[in-house]
Amino acid sequence: MTAADAAPPAAQPEPDGADGAGTAGGTGSDRERLPGAWQLGLLRGAMEIRLFFRQREQVVFTFAFPIVFLFLFASIFSDTMKNTGTTASQYYVTSMIASGIMSTSFQSLGISIAIERDEKVLRRLRGTPMPPAAYFLGKIWLVLVTGVLETAVLLAFGTTVYGVDLPSTAGRWLTFGWVFVLGITGCALLGIAISSVPRSGRSATSVVVLPFLVLQFISGVYILIDTIPNWMLTVGSFFPLKWLCQGLRSVFLPQAAAALEPAGAWESGRTALVLGAWCLGGLLLCLLTFRWKNRGDA
């Protein structure tokens with residue numbers, strides 16, 4: 208929807224002798240006909256999704272990248288992990304799902320919003336009657352759709368090729384649901400917040416990808432959790448990716464695999480607490496840091 212589509216129709220001149228009440232009433236009626244934030248957010252979400260799938264290179268990279276990495280790591284590290292009955296290949300399936308969720312939320316939003324700010328897209332949108340919330344709702348719809356699709360693709364690949372079992376109980380499916388929702392929400396909010404850090408759209412990729420890459424190494428994505436130095440695990444435990452990985456392992460790996468965790472258990476309660484805290488903390492960071500214009504713009 209363009210600014211011209213969303214703008215209210217121009218007020219017609221009042222006949223001679225009409226009082227100001229008629230004008231005020233007409234303006235109010237026009238405003239009432241404007242779509243609300245939820246409806247505009249849904250429309251923007253549909254637009255964002257269409258634009259995403261029109262960029263074939265981006266679509267291929269988004270969905271193929273974690274599969275390629277999963278194949279590489281699962282081929283290099285394919286042994287059964289001691290006393291767990293779980294192969295390293297199955298471990299990496301859950302890790303890549305977590306990485307994919309953060310990629311489609313944190314990395315995607317952090318880079319795309321910074322570029323849109325640099326290209327003055329945000330500034331133009333801010334000057335339209337569209338509620339600011341509609342812009343963010345559109346981004347959330349995009350993140351949700353791409354996150355669900357990437358998770359489904361990786362699960363299909365993992366169950367078919369590496370023998371990962373889908374949850375067999377309602378409780379595990381419920382755990383998967385809240386881990387996914389809290390994880391993708393917290394990472395998306397952090398992506399919006401970090402989008403204000405790059406000074407230009409050209410530097411956005413470097414600024415966003417570097418911390419994401421580091422987190423993947425210290426959170427148990429690329430390296431088995433029981434081989435990471437304790438001090439790195441401690442640092443990683445302050446961020447959501449480590450708990451997103453651990454929560455997904457609790458869903459798709461057997462109970463015996465919990466012995467690999469630093470605490471020797473899945474710690475579902477702590478996982479929910481940390482991911483929930485990052486949702487609240489990420490929202491606060493967005494409110495404090497988000498900008499519609501670059502620092503140097505008038």
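Note that the sequence shown covers residues 208 to 505 in the numbering used here.
All C-beta atoms, glycine included, are put in the ideal place defined by N, C-alpha and C.
- The three-state reading of DSSP puts T382 in helix, counting H, G and I together.
- Contact fails between the region 440-449 and the region 344-356, because fewer than three Cβ pairs, one in each stretch, are under 8 Å apart.
- If you compare the alpha carbons of I318, T301, L247 and A271 with that of S413, the shortest gap goes to I318.
- Under the three-state reduction of DSSP output, T291 falls in the coil class, being neither helix nor strand.
- Counting the other Cβ atoms within 10 Å of the Cβ of V267 gives fewer than 16, which makes it exposed.
- When the beta-carbon positions are compared, P374 and V300 stay at least 8 Å from each other.
- Between I304 and L361, the gap from beta carbon to beta carbon is short of 8 Å.
- Within the region 338-382, the complete alpha helix (DSSP H) segments at least 4 residues long are 339-368, listed from N- to C-terminus.
- In the assembly as shown, T367 is an exposed residue. Its beta-carbon has fewer than 16 other beta-carbons within 10 Å.
- Residues L349 and V352 of the same chain have their beta carbon placed closer than 6 Å to that of I256, with the five preceding and five following residues left out of the count.
- Measuring C-alpha to C-alpha distances from V404 to each of A321, W499 and L344 identifies A321 as the nearest.
- The residue from V442, L249 and Q265 with its alpha-carbon nearest to that of T311 is Q265.
- Close CB contacts of A377 within its chain, under the 6 Å cut and outside five residues either way in sequence, are absent.
- The way I'd put it, the region 326-343 doesn't touch the region 411-430; fewer than three beta-carbon pairs between them come closer than 8 Å.
- The C-alpha of Q314 is placed about 17 Å away from the C-alpha of Y429.
- In the displayed model, Q246 falls within a helix according to three-state DSSP.
- Residue environment analysis places D325 among the buried positions, since at least 16 neighbouring C-beta atoms fall within 10 angstroms of its C-beta.
- Contact between the region 463-470 and the region 426-442 is present: three or more C-beta pairs spanning the two stretches fall below 8 Å.
- Non-local beta-carbon contacts of F260 in its own chain, meaning distances under 8 Å to residues more than five positions away in sequence, involve V266 in chain order.
- For A463, no alpha helix (DSSP H) run applies, since DSSP gives it neither H nor E.
- Going by DSSP, W450 is part of the alpha helix (DSSP H) stretching over P447 to F459.
- Here the alpha carbon of G476 sits roughly 43 Å from the alpha carbon of K327.
- Shown here, N501 sits in coil according to DSSP, grouped into three states, outside any helix or strand.
- When DSSP states are grouped into helix, strand and coil, S302 belongs to the helix group.
- In the DSSP annotation of this structure, the continuous segment of the alpha helix (DSSP H) that includes F419 starts and ends at A411 to I425.
- By the CB criterion at 8 Å, G393 and C493 fall outside the cutoff.
- In this structure, the straight-line span from the alpha carbon of K346 to that of N290 is close to 43 Å.
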